[in-house]
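Chemist:
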Amino acid sequence: METLEGNQIHVIKPVLPKLNSLYEHAISEQKDSWVFHPSWHMCIYKRMFESENKTLAKEGVIHFLEMWQTQSLPPSPGFSEFVIGPLMDALSESSFYSRSSGQVIGTCPSLGIKLQKFLAAFFTNVPEEEKSSFLLKFIRKMSDRHWCSIPILFLSMALAHIPACRVLDTEGLLALRDVLQCTMITHQILLRGAAQCYLLKAAMLLTNVEKVSLLDISNFIVSLRPEESLGRGTVLWKMLCDWLHGNDKHFQRPLNYGVPQDRTLLNVYVQSLVQDYLKTPASNVEDCLMPDWFEAKLVATMILLAADVEEMTREYNCTGSTELIELKALLNPLLDVLLKLGTNPYISTLKTDKSLQLLLKLLQTCSVKCSNPQIDGVITFLQNEFMSASESILDFLLRRLTANELNTISDLERCNLYLAVLSELLNFCSVNGWTRGGSVCGFISSLISASLSNLQEMSSEKEVKLGEQIQKVVSMASLSVVCEIIDQKPALQLQSLPSVESLKTVISCSQFDHVLKKPCSMEKNSSLEEPPSHQGWGKIVARYIHDQWVCHHFTLNNYQNLSKDEDLEQFLFDVQKHTRSLQSALEALSILPSDHVLPVFHCMKILVPKLLESSESLCIEAFDLSWKIISSLSNTQLIFWPNLKAFVQFVFDPEVLAVAAKNKSKAYMKIKEIMFQMIEMSSTKTGVFNTLLTYCCQTWMFPTRNNTIAVENAFSNAGNYSELLVEACLFGTVFRRDQRLNQEMCAFVENLGDECAANVVTESTNRDDHFVRVCAIKFLCLLDETNTLHKKFIEDFFMNLLDKGELMSKSKTRYYVNSLQHRAKNRLWQTLLVLLPKLHEDILTRTVDRILQAGYSNNQASIKYLIEWSIIWILHKFPHFLQKFWDCFNYEEDWLKTSICTFLSVLSHLDTILQSTSEKTPILKKALVVVLQWCFHHNFSVRLYALIALKKIWGMCKELCMDDFETLTPVIESSLHQAERMHGTGNAKKNWQRIQKHFFFEKFHPLKDYSLETIFYTLPRLSEIAEEEWIPLSKFTAFTDIPLSATFPCTSSHTDLLDLKPDDWSQQDIGLKSAEPDNQRQWTDVQKKIIPWKNSTSDLELVFQDRATKLGKSNSGLVVVASLIDKPTNLGGLCRTCEIFGVSSLIVGSLHYINDKQFQYLSVSAEQWLSLLEVKPFQLIDYLDQKKTEGYTIIGVEQTAKSCDLTEYCFPEKSLLLLGNEHEGIPANLIQQLDVCVEIPQQGVIRSLNVHVSGALLIWEYTRQQIIRQKVQR
């Protein structure tokens, strides 16, 4: 408990194993009882769970979960309460579920797996009589707080992995239903759908079916959303059917509930459910409110479950009959009502509402995308049954919609119901013969005629009546649905109907600024509180305008436009008419609520291309107003995406883009402004850029009109708006930790495949950020360099990318690994590499110098490989550029010191470069002369690269049996012999072996490995770049909006590189001992891994030692290592202290700190009189090992369980003092390297000193002891 007062994980983690031994001592020898109460352990865990340090809290949770898998612990009521209390509170932290290092994206986080195993083991260990109450409390805990989507998902998974046990009764199901409601809070649809799936699985595993009734089961099932989890046809649906079938005889039955022998309890229950549902009390009040949808959803779901269970039973019993007798019996009460709708006007409104609600829910549940009508006997049966009642239904709908029977505000909900039934019925019963029959055509014609007649009817009365206005709303809504049916279902062949022509004529002549007047009865009450039936008139008016624009879009879409040449007068009339329509559209946008603007956007897609030249200012106003609406919708998920898509389609219409670019007008600038604003929005709202880019790439590459002029005009937009593709190729934000965690969890759920029903029923949105780059790259791969238009675009785009890369390099010459700058440059060079094979010689002649120049920059490893690969490709394709390449070796050394290894790496692939060259001898001779001079360079890293290139080139010379190199042979053989023998011991030999085994030199083939997979997945995976940058080939194939190029290679011709794992070579390049797994860490590039102090005494060290000698100062035996300290102020003060007390040398993490003003202010020039050496933090283990071999005692300044008191410790003469980081102290892997830990005794409350002060105290104590020792010796 005292240790836990600190927050440093490296101090606390070594104490955790002591808990294991505490458990062993706390349990009796028979393992059946506790020697002392387990609450002592719980106090320790509770303290860890509540720690401010999240890493410590997570370690505590994991340790507790693992304890129940490794220890056989006796049961204790206290543990059950602890699990439901502090443990579940701790598990609510989403960040605990992040991936462990080394885990691939899409795998289950380690905490999720441990939680499953723990709950299964713990629940099994709970006494039988307590299982039910424990589980009920556990589930209630899940519903009594607002959980985030990630913890609720993994808790649900853990519940679903408990071994089958019948412990939940009605209360348990109610508690699970409450948890379901909690899952609906999150906006992550996929995660909440997955949680629902696991909760249903848990219910099937854990419910005691003898204590629950089918009513309880159905109330639980109906809480699941079919569009997110329980979709018909999914694996989950089939599991539920199987469970209902297997437990049919065991469910609790109500009293006096008889079940005939030839029927199942499920069928009897559902039949009574249908009968009770359709029973309505006799009432004379017709103006009643619509019934709630919950009951209709429940009955429809249970009917379909019963039908599928019946079909499953028939398959199990191998019955030859295909007739669904039970389903027919279940549907008879509903069909009886439906068949009477058209002929019996006295059926109560409540009964008709409920029957149509049930019909609609049945149709919607059957029409989910996972159902297959061709092989689905239930769907076929329903089609046949509902077709028999279709005429009656249509007659009823026609009467209700046109006979002025809907005249109250509450009737508008019925209007919605009737029109939804009409659309769904036409979708569902699209069987040959029925939809083309006279009944549908007659119904549509009558509905159009009656609705038009009602809309055109002028009231003779001065007062505006509510009923008349409501009927106009109904008529307009009916026409809008008819227009959508005609557009979306061309198979119905309704276009040729005379009434449809009348509809087009009337709509095209109507005014769209007409707004429904408020009825006089409502005007009089406006000063008072309006009755409930009169509220929401603004919503009604908005809906009326919305439906008007749906109809207007239908007319515009089917209007034949004339050109100027065909009929000038008619053309000018059309322009005026379209201008008025666009003005009306702007007025509509200004008054309509955001969820009603979609049809206005659809109309603007048709109007703006026609008016951009003649009414540019009006079109720009349309762009501005529409973008404001889209921006305001950014947090409204359900309506944002359809509106965004419609907005993109009219602003970025190919014709609009072409006209704007042609004139370089204000519209052109406005479109580009909106384009960049959308890209900026996509950094916070994933998927916006995807929508924009996908539409543009599709319309630019595959225009709807297929004539030559249309194709050229469409593709010209790619050049005029190339900034969009440039940004797309470089796109990818560095997400916050919580955003990245959500993406990882979605990837995990997606990887579950069809096993998780949420993957089947939820809509695939292509909103992954990777799809932006995937879309752009697939577009570039489709370009044909033999096409003149494509060739010009490729060249211009290539130059733009080079300009962008040079600008990035100038803006920031140095950058960190995996920083945004690193990632952007990596993406840029990946794109350049994709374009290289499409470039002709003339463009490369102009750009090859710029590509070679990029090699001089200080590049991260992944970028260096891409640049080297690009150079190899160019030299292979056009060997005459080799002279420019040789010139790269002639620059001054200052230019080459960071880049010569890049060009030497290119030389190591000279065999690939000369593959198709006939005259190889002069080139090989030149290569040998160039590379030999670098084999004797003073920099060890450069020598290694030169030697690997020399070895490969000399191998080529030997294969060709050339005699031209007799004079060079002794030098070359001597150099290679020296590499093998002179470097035969120590670090030099290891580095020589590692560089030979490096993937770029041993496995990589620049031609055979050229593919999308290597460029975007394999190479990033092997070159230390963050996992978010790896784009697997599966994403290129999953994104189907743009096809894959048939000519561009997707996979490598050989799998050597693909099969290579990073560990195969990364461990070797670290310079670690394979027998020490605790010391493993990330690989560092070979250009950085050469450690001067390991090879020999560095020049820098000699300089400092010479200076100290000249000043008459002798070196003491104390070395202070401050590589973990990163604050210049602390380092400056420490440097001054070290110099004053004559410390031998001060080791820092970077010599750049010396130039920091804060460092210099505190050091007061001490760095000029003290030996300062640079050892990076990741190099410390090797450095400490070396110092141990030199006889140094490694002393850590840290508080640990076995620390020595500073006042009692005697310092050896050769002491190395390791100081920890300001916040984290000394890492656990370095503590294991220490010979001793020394801590400073303290008297106060605060537990730690400043690191400079701590170091100064130990340095003085060392100096004091040495002074006393020297006096004694004298």
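Using my numbering, the first residue of the sequence shown is number 3, and each one after it goes up by one. Think of the CB as a built atom: it goes at the ideal place given N, C-alpha and C, for glycine as much as any other residue.
(1) Is it the case that the Cβ atoms of Tyr166 and Leu117 are separated by a distance below 8 Å?
(2) Determine the DSSP secondary structure at Ile779, reduced to helix, strand or coil.
(3) By how many angstroms is the C-alpha of Thr688 removed from the C-alpha of His824?
(4) Under 8 Å: do the stretch 418-430 and the stretch 468-475 share three or more Cβ pairs, one atom per stretch?
(5) Once you ignore the five residues that flank Asp1080 on each side, which residues in its own chain have a CB closer than 8 Å to its CB?
(6) Could you check how far apart the C-beta atoms of Val1121 and Ser1147 are, in whole angstroms? I think they sit under 8 Å.
(7) Do Lys1037 and His604 have their beta-carbon atoms positioned less than 8 Å apart in this structure?
(8) What is the DSSP secondary structure of Glu787, counted as helix, strand or coil?
(9) Report the three-state DSSP secondary structure of Cys1206 (helix, strand or coil).
(10) For the putative contact between Ile955 and Val933, defined by C-beta atoms under 8 Å, what is the C-beta separation to the nearest angstrom?
(11) Would you call the stretch 1167-1179 in contact with the stretch 1130-1141, where contact means no fewer than 3 C-beta pairs closer than 8 Å?
(12) Using the three-state DSSP reduction, which class does Gln1082 fall into: helix, strand or coil?
(13) So, Thr1202 versus Val13, is the Cβ gap smaller than 8 Å?
(14) Does the beta-carbon of Gln198 have 16 or more other beta-carbons within 10 angstroms, so that it is buried, or is it exposed?
(15) Can you tell me whether DSSP reads Glu4 as helix, strand or coil?
(16) Is the separation between the beta-carbon of Ile1196 and that of Leu1260 shorter than 8 Å?
(17) May I ask which residues mark the beginning and end of the beta strand (DSSP E) holding Ser477?
(18) For my contact list, Trp871 and Pro1008 are in at a C-beta cut-off of 8 Å; report their separation, rounded to the angstrom.
(19) Please name the residue, chosen from Ala422, Pro153, Asp310, Met677, that lies closest to Leu358 on a Cα-to-Cα basis.
(20) Between the alpha carbons of Gln71 and Val85, how many angstroms are there, rounded?
(21) Grab the span of the beta strand (DSSP E) containing Val1150 for me, first residue to last.
(22) Grouping DSSP H, G and I as helix and E and B as strand, with all else coil, what is Lys114?
(23) Could you tell me the alpha carbon to alpha carbon distance between Ala59 and Arg738, rounded to whole angstroms?
(24) Going residue by residue through the stretch 168-249, where are the continuous alpha helix (DSSP H) segments of at least 4 residues, counting only ones entirely within it?
(25) Along the chain, where does the alpha helix (DSSP H) that runs through Gly1257 open and close?
(26) If I follow the unbroken alpha helix (DSSP H) through Ile1196, where does it start and stop?
(27) Using the C-alpha atoms, what's the distance from His1254 back to Pro1130?
(28) Looking only at its own chain, which residues have a Cβ that is under 7 Å from the Cβ of Thr693, when we skip the five neighbours before and after it?
(29) Can you tell me whether Leu640 is helix, strand or coil according to DSSP?
(30) DSSP three-state label for Asn1334, please.
(31) Tell me whether Leu18 sits in a helix, a strand or coil according to DSSP, three-state version.
(32) Looking only at DSSP bridge pairs, what is Cys1239 linked to?
(33) For Ile1269 and Lys1216, I'd like the C-alpha separation in whole angstroms.
(34) Please name the residue in Val908, Cys890, Lys866 whose C-alpha comes closest to that of His878.
(35) Is the stretch 716-726 touching the stretch 1012-1026 in the sense that three or more CB pairs, one from each, lie closer than 8 Å?
(36) Helix, strand or coil: how does DSSP classify Gln254 here?
Modeler: So, to answer that:
(1) By 1-based counting over the sequence shown, the position of residue 166 is 164. By 1-based counting over the sequence shown, the position of residue 117 is 115. A small fix is needed here, since residue 166 is Ala in this sequence, not Tyr. The answer is no: Cβ separation not under 8 Å.
(2) Here residue 779 is taken as the residue at index 777 of the sequence shown, counted from 1. Ile779: helix per DSSP, three-state reduction.
(3) Taking the sequence shown and counting its residues from 1, the one referred to as residue 824 is at position 822. Taking the sequence shown and counting its residues from 1, the one referred to as residue 688 is at position 686. So the two alpha carbons sit approximately 21 Å from each other.
(4) no
(5) Against the sequence shown, residue 1080 aligns to sequence position 1078. Note that Asp1080 scores 38 on pLDDT, short of 50, meaning its location in the model is unreliable; the coordinates nonetheless yield the value given after this. Result list for Asp1080: Asn1231, Gln1234, in chain order.
(6) Taking the first residue of the sequence shown as 1, we reach residue 1121 at position 1119. Taking the first residue of the sequence shown as 1, we reach residue 1147 at position 1145. At roughly 5 Å, the Cβ-Cβ gap stays under 8 Å, so Val1121 and Ser1147 are in contact.
(7) Within the sequence shown, the letter at position 602 stands for residue 604. Within the sequence shown, the letter at position 1035 stands for residue 1037. Their beta carbons are not under 8 Å apart, which means His604 does not touch Lys1037 by this criterion.
(8) For the purposes of this step, residue 787 is identified with residue 785 of the sequence shown, where counting begins at 1. In this structure, Glu787 counts as coil in the three-state DSSP scheme.
(9) The sequence position of residue 1206 within the sequence shown is 1204, counting from 1. Three-state result, Cys1206: strand.
(10) Position 953 of the sequence shown, counted from the start, is the residue given in the question as residue 955. Position 931 of the sequence shown, counted from the start, is the residue given in the question as residue 933. Contact flag correct, Cβ pair sits at about 6 Å.
(11) yes
(12) What you label residue 1082 is simply residue 1080 of the sequence shown in a count that begins at 1. Note that Gln1082 has pLDDT 34, beneath the 50 cutoff, so the model's placement of it is unreliable and the number below is only indicative. Gln1082 falls in the coil class under three-state DSSP.
(13) The residue labelled residue 1202 in the question sits at position 1200 within the sequence shown. The residue labelled residue 13 in the question sits at position 11 within the sequence shown. Yes, the pair counts as a contact, with Cβ atoms nearer than the cut-off.
(14) Position 196 of the sequence shown holds residue 198. With 16 or more Cβ atoms within 10 Å of its Cβ, Gln198 is classed as buried.
(15) Along the sequence shown, read from residue 1 onward, the residue named residue 4 stands at position 2. The answer is coil: DSSP assigns Glu4 none of H, G, I, E or B.
(16) The count along the sequence shown starts at 1 and reaches residue 1196 at position 1194. The count along the sequence shown starts at 1 and reaches residue 1260 at position 1258. Not closer than 8 Å, so no.
(17) What you label residue 477 is simply residue 475 of the sequence shown in a count that begins at 1. Looking at the DSSP string, Ser477 is not in any beta strand (DSSP E); the run it does join, the alpha helix (DSSP H), is 468-490.
(18) For this step, residue 871 is matched to residue 869 along the sequence shown. For this step, residue 1008 is matched to residue 1006 along the sequence shown. Confirmed, about 6 Å.
(19) Here residue 358 corresponds to residue number 356 of the sequence shown, with the count starting at 1. For Leu358, the nearest C-alpha among the options comes from Ala422.
(20) Residue numbering aside, residue 71 sits at position 69 when the sequence shown is read from its first letter. Residue numbering aside, residue 85 sits at position 83 when the sequence shown is read from its first letter. Each residue's Cα considered, the two are about 15 Å apart.
(21) Position 1148 of the sequence shown, counting from 1, holds the residue named residue 1150. Start and end: 1147-1150.
(22) As a position in the sequence shown, residue 114 is number 112, starting the count at 1. Inspection of the sequence shows that residue 114 is occupied by Gly rather than by Lys. Note: Gly114 maps to helix in three-state DSSP.
(23) For the purposes of this step, residue 59 is taken as residue 57 along the sequence shown, with counting starting at 1. For the purposes of this step, residue 738 is taken as residue 736 along the sequence shown, with counting starting at 1. C-alpha of Ala59 to C-alpha of Arg738: approximately 21 Å in a straight line.
(24) 172-185, 191-208, 216-223, 237-248
(25) Sequence index remark: in the sequence shown, residue 1257 carries index 1255 (1-based). Per DSSP, Gly1257 belongs to the alpha helix (DSSP H) from 1253-1275.
(26) Here residue 1196 refers to the residue found at position 1194 of the sequence shown. Per DSSP, Ile1196 belongs to no alpha helix (DSSP H); it is in the beta strand (DSSP E), 1195-1199.
(27) Position 1128 of the sequence shown, counted from the start, is the residue given in the question as residue 1130. Position 1252 of the sequence shown, counted from the start, is the residue given in the question as residue 1254. CA-to-CA, the gap between Pro1130 and His1254 works out to about 11 Å.
(28) As a first step, residue 693 is located in the sequence shown; it is residue number 691 there, counting from the start. Result list for Thr693: Leu646, Lys647, Val650, in chain order.
(29) Translated into the one-based positions of the sequence shown, residue 640 becomes position 638. Three-state DSSP puts Leu640 in a helix.
(30) Absent from the structure is residue 1334, since the part of the chain shown begins at 3 and ends at 1276.
(31) Within the sequence shown, residue 18 is the residue found at index 16, counting from 1. The answer is helix: DSSP assigns Leu18 an H, G or I state.
(32) For this step, residue 1239 is matched to residue 1237 along the sequence shown. Cys1239 pairs with Gly1198.
(33) Against the sequence shown, residue 1269 aligns to sequence position 1267. Against the sequence shown, residue 1216 aligns to sequence position 1214. Spanning the two alpha carbons is a distance of roughly 14 Å.
(34) Position 876 of the sequence shown holds residue 878. Cα-wise, what sits closest to His878 is Val908.
(35) Judged by Cβ distances under 8 Å, the stretch 1012-1026 makes no contact with the stretch 716-726, as fewer than three pairs qualify.
(36) Here the question's residue 254 lines up with position 252 in the sequence shown. Looking at Gln254 - three-state DSSP - the assignment turns out to be strand.
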